[in-house]
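Here is the structure we will look at.
Chains as they are written, first to last, in this note's numbering: chain G, 165 to 612; chain Y, 153 to 433.
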């Protein structure tokens with residue numbers, strides 16, 4: 165038989181028993197929907213986890229903190245120790261494989277003044293090159309420091325919003341005032357009471373120039389930062405030190421010898437854990453979002469497999485239903501198959517005919533299923549939030565407002581269609597084989 | 153050597169079907185039933201042969217054996233020089249496409265197809281292209297007088313019309329041999345006569361061989377050769393018209409055609425011998 169004849173005949177046979185074909189197709193539709201939707205939810209969760217984690221900072225970055233916490237298996241802090249992080253460690257870390265860049269970071273809490281108003285911020289000072297290696301938020305004004313010792317500085321988007329008048333009544337309760345760096349003069353003071361000031365000297369207020377501001381970003385770790393180059397920072401801080409009493413002066417000077425943390429940029433997310441392990445071998449603890457992400461990914465992979473398994477069960481049921489339909493159809497068509505054989509039809513053609521019919525059921529079901537899956541996916545994203553909130557209540561990371569719960573990547577529909585057709589062919593194989601075994605004698609039997 | 157073959161062919165040339173000591177034994181539990189018991193006969197080209205017997209005489213079984221639908225227990229059936237019981241399913245299917253046509257008692261038309269599509273059906277298996285097979289099927293249906301019923305489904309036609317479609321389907325591929333199993337078993341007398349005339353006239357125009365099974369003695373009148381069967385054995389072979397005589401007079405008129413055919417047969421014979429040798433191995 166020609167292929168066109170085979171197709172025509174197969175379709176004719178399917179349309180002869182419309183109700184039965186439709187019911188079987190519905191089975192495949194349900195199977196396909198469950199697989200596509202389940203997998204899409206798994207993928208959606210994974211992507212959501214990833215974006216949630218990424219919003220908190222750069223996943224390629226490792227931070228070696230001054231205070232290292234050791235935790236037990238449940239994640240509870242069991243011990244903390246202070247570790248010295250200085251240039252020796254920095255150069256050691258720089259030599260590790262997969263480390264693209266590393267810099268020491270100073271951070272100091274500072275006060276800001278503008279006219280009668282004041283505000284708070286935290287200086288984050290690192291080598292000027294660092295600003296291009298770590299994914300810092302974009303700027304609405306100015307630029308990041310780009311030369312060694314540059315006096316450029318960048319304010320996090322929250323810093324300038326929280327100014328208030330300390331002398332006013334109920335100062336803390338009044339609405340915060342936003343300072344415009346383009347118009348208002350801003351000064352900075354390191355004098356936060358940590359070290360005692362030499363009473364003979366005046367509080368050092370540094371006039372800030374070359375101010376940049378960050379745009380709003382989900383990466384909150386820089387929201388209250390005042391980023392500057394570390395050399396410039398050292399210069400300003402040294403000036404501040406001169407205003408201190410002798411003991412304070414010593415301590416403050418000493419604090420400049422060590423960094424508050426070291427930021428490490430790894431070439432690839434996959435290597436984050438590896439680098440962290442190497443740092444641990446140096447005797448230092450570190451944290452990274454990459455390692456957090458890894459455990460989250462493991463969880464979501466497992467979830468994806470469980471969900472996929474649920475879908476696969478539905479598909480298995482539909483496979484059985486296809487096989488059943490085909491067997492029934494063969495019983496009905498016994499005589500017809502016998503006649504075909506007597507008229508000279510090759511048994512391979514009979515086999516192909518039944519396989520085609522089964523594959524067709526799979527394909528129709530698959531295509532309809534995929535279309536409905538897109539609708540289902542849309543509905544889940546639109547209306548599914550309450551359900552997922554209860555399901556994932558213990559995951560505080562999950563931001564419900566803008567999360568997508570179900571994502572269908574471009575390859576999924578093709579995979580699903582292929583799978584549905586494959587299921588059709590596999591479940592049609594046994595009935596087709598059975599059809600070829602029907603004897604031509606059936607045609608000669610006279611009862612009709 | 154060639155001359156020898158030719159001489160042999162001169163006597164064997166027209167034997168389309170040779171049945172040699174054929175037996176068919178069915179096992180029914182522990183009991184063995186011999187449906188066909190050592191039957192020997194031959195059917196010549198262009199002959200209308202009728203297997204006549206009561207029901208249960210084994211005539212239908214014999215037809216099934218000849219058509220390769222059932223396997224023989226012992227003996228030989230040679231059609232067109234080929235041992236059909238030695239063929240595998242695929243070559244048997246090919247053989248049926250090429251040489252055999254079938255008319256059934258219960259018509260066995262495809263209910264979902266129109267008359268035209270039913271007649272096309274054997275050509276579909278032969279991979280004839282759509283245009284050509286539509287044309288052939290239409291011509292055949294016109295020949296059996298159903299030009300107004302081309303697009304009717306079997307259920308919309310009378311028994312006689314359905315059997316005409318069946319006949320058109322059997323003859324559409326121009327097979328050399330047409331097997332008919334009680335072709336008029338479900339028809340009334342008047343229609344029976346019409347259908348029989350139709351089969352006979354088509355077969356005669358194309359010099360096709362007909363093997364018909366029936367229990368109806370009146371139908372035997374249409375036959376050139378009547379083989380009476382009882383309890384799986386041949387009782388009598390009755391030759392009504394000798395096809396050979398007619399053929400001889402015809403041969404003189406068209407000797408060149410006959411010669412070509414003879415040559416073809418030689419080639420085929422040689423091929424068969426080769427195949428048999430292979431099979432022997």
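Each residue gets a CB set at the ideal place from its N, CA and C atoms; glycine is no exception. Predicted model only: the values in this text are computed from it and were never measured.
Counting every other CB atom within 10 Å of its CB across the protein chains shown gives residue 249 (chain Y) a total of 16 or more, marking it as buried.
Among the residues facing chain Y, residue 523 (chain G) is not included, as its CB has no counterpart in that chain under 8 Å away. For the 8 Å CB-CB criterion, residue 204 (chain Y) and residue 355 (chain Y) do not form a contact. Assignment of residue 609 (chain G) by DSSP, reduced to helix, strand and coil, places it in the coil class. Along the region 507-521 of chain G, going in chain order, the ones with a CB nearer than 9 Å to a CB of chain Y are 507, 508, 509, 510, 511, 512, 513. Inter-residue distance for residue 474 (chain G) and residue 281 (chain Y) is about 48 Å (C-alpha atoms, whole angstroms).
For chain Y, the residues of the region 591-607 of chain G that bring a beta carbon within less than 9 Å of one of its beta carbons are 600, 603, 604, 605, 607, in chain order. CA-CA distance, residue 216 (chain G) to residue 266 (chain G), rounds to 25 Å. By the CB criterion at 8 Å, residue 375 (chain G) and residue 351 (chain G) fall outside the cutoff. About 7 Å separates the CB atoms of residue 231 (chain Y) and residue 168 (chain Y); that is less than 8 Å, so the two are in contact.
With respect to the C-alpha of residue 347 (chain G), the residue from G:279, G:283, G:254 having the closest C-alpha is G:279. Of the other Cβ atoms in all chains shown, 16 or more fall within 10 Å of the Cβ of residue 468 (chain G); this residue is therefore buried.
Between the alpha carbons of residue 549 (chain G) and residue 492 (chain G) lies a gap of roughly 44 Å. The residue from Y:210, Y:251, Y:381 with its alpha-carbon nearest to that of residue 507 (chain G) is Y:251. Using beta-carbon distances, residue 262 (chain Y) counts as an interface residue toward chain G, with a partner under 8 Å. Fully enclosed alpha helix (DSSP H) runs of no fewer than 4 residues occupy 251-258, 294-297 of the region 221-305 of chain G, in order along the chain. For chain G, none of the residues of the region 291-323 of chain Y brings a beta carbon within less than 7 Å of one of its beta carbons. Restricting attention to Y:378, Y:254, Y:233, Y:265, the CA atom closest to the CA of residue 173 (chain G) is found in Y:265. Residue 440 (chain G) has its alpha-carbon roughly 13 Å from the corresponding atom of residue 223 (chain G). Between the alpha carbons of residue 444 (chain G) and residue 437 (chain G) lies a distance of about 10 Å. Taking 8 Å as the cut-off, the Cβ atoms of residue 323 (chain Y) and residue 219 (chain Y) do not count as close. A contact between stretches requires three or more CB pairs, one per stretch, nearer than 8 Å, and the region 181-200 of chain G meets this requirement with the region 575-593 of chain G. The residue from G:353, G:202, G:595 with its alpha-carbon nearest to that of residue 518 (chain G) is G:595. For residue 216 (chain G), the three-state secondary structure derived from DSSP is helix.
Here DSSP, grouped into helix, strand and coil, assigns residue 377 (chain G) to strand. Beta-bridge annotation (DSSP): residue 408 (chain G) is paired with G:361.
Against residue 180 (chain G), the close residues of chain Y are 264, in the order they occur along the chain (beta-carbon pairs closer than 8 Å). Burial state of residue 259 (chain G) is exposed, judged by a 10 Å Cβ sphere holding fewer than 16 other Cβ atoms. In the three-state scheme derived from DSSP, where H, G and I count as helix and E and B as strand, residue 387 (chain Y) is classed as strand. Relative to the Cα of residue 226 (chain G), the nearest Cα in the group G:268, G:489, G:470, G:274 belongs to G:268. When 7 Å is used as the limit between beta carbons, residue 276 (chain Y) is near these residues of chain G: 165, 169, in chain order. By the rule that beta-carbons nearer than 8 Å mark a contact, residue 496 (chain G) does not touch chain Y. Chain G places a beta carbon closer than 8 Å to that of residue 249 (chain Y), counting this residue as a contact. Where residue 282 (chain Y) is concerned, there is no enclosing beta strand (DSSP E), although the alpha helix (DSSP H) around it starts and stops at 282-295.
In this structure the region 335-349 of chain Y does not touch the region 376-383 of chain Y; the number of beta carbon pairs closer than 8 Å is below three. If you draw a 10 Å sphere on the C-beta of residue 370 (chain Y), you find fewer than 16 other C-beta atoms in it, and that means exposed.
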